[in-house]
Amino acid sequence: MTLIFAIAAGVVFGAGAFLVLTNDLVRVVAGMVLISQSAVLVVISSGLTRGDAPILPTGDKTPSDPLVQAMALTAIVIGLAVTALLLAIVARVRATLRSLEVRELARDEAEHTAELEQSLDTMHEQLASDEAKEEQ
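Letter by letter, the sequence shown follows residues 485 to 620 of the numbering used here.
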């Protein structure tokens, strides 16, 4: 059973890694979700023990460890919150730049950086000329 979980976690992780490397931001978010869920699968598979419920154990069987289940549930909830945040960021990027392609976003960022550097250079030149006028 552990081998099945390991293979499933590997396949889910591989699919997530493939999606993260694509050019679309929505697919990148989906890939991150799959990668986090593969980690949850690994945590769940590490705690696979047959036993009674930890609330009411009987004497002949050892109780199962509730810590693994609590960690998996916590990881799922945190993953949901991170997914909601990432989707909100993607929606904001779409509304602002009208694109979800990573290459276009990188190009827009490079153009914006060049504009900022140009305006910074003009500000430095203006300050230098103002200082030169004050010295005279």
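Note that beta-carbon positions come from the ideal geometry of N, C-alpha and C, so glycine has one too.
Item: Of the listed residues Leu505, Ala616 and Ala568, nearest to Arg587 (C-alpha basis); Value: Leu505
Item: Among Thr567, Gly500, Arg534 and Arg582, the one whose alpha carbon lies nearest that of Ser522; Value: Gly500
Item: Contact belief for Ser446 with Thr558 at Cβ below 8 angstroms, rounded distance in angstroms; Value: In this structure the chain extends from 485 to 620, so residue 446 is not present and cannot be described.
Item: Residue of Val527, Asp544 and Ala572 minimising C-alpha distance to Pro550; Value: Val527
Item: CB of Leu503 within 8 angstroms of CB of Leu518, strictly; Value: yes
Item: Beta-carbon spacing of Leu600, Val510 below 8 angstroms; Value: no
Item: Integer-rounded CB distance, given that Ala490 should sit under 8 angstroms from Ser530; Value: With 8 angstroms as the limit, Ser530 and Ala490 do not qualify as a contact, their Cβ atoms being about 10 angstroms apart.
Item: Supposed close pair Val513, Thr567 - CB separation, criterion 8 angstroms; Value: 7 angstroms
Item: Same chain only: Cβ atoms within 8 angstroms of Gly515, ignoring 5 sequence neighbours per side; Value: Ala499, Gly500, Ala501, Phe502, Leu503, Val504, Leu505 and Thr506
Item: Beta carbon of Leu577 nearer than 8 angstroms to that of Leu589; Value: Reading off the sequence shown, one finds Val at residue 577, where the question assumed Leu. Closer than 8 angstroms, so yes.
Item: Endpoints, alpha helix (DSSP H) assigned at Ala612; Value: Val586 to Glu619
Item: Three-state class that DSSP yields for Pro547 in the structure shown; Value: strand
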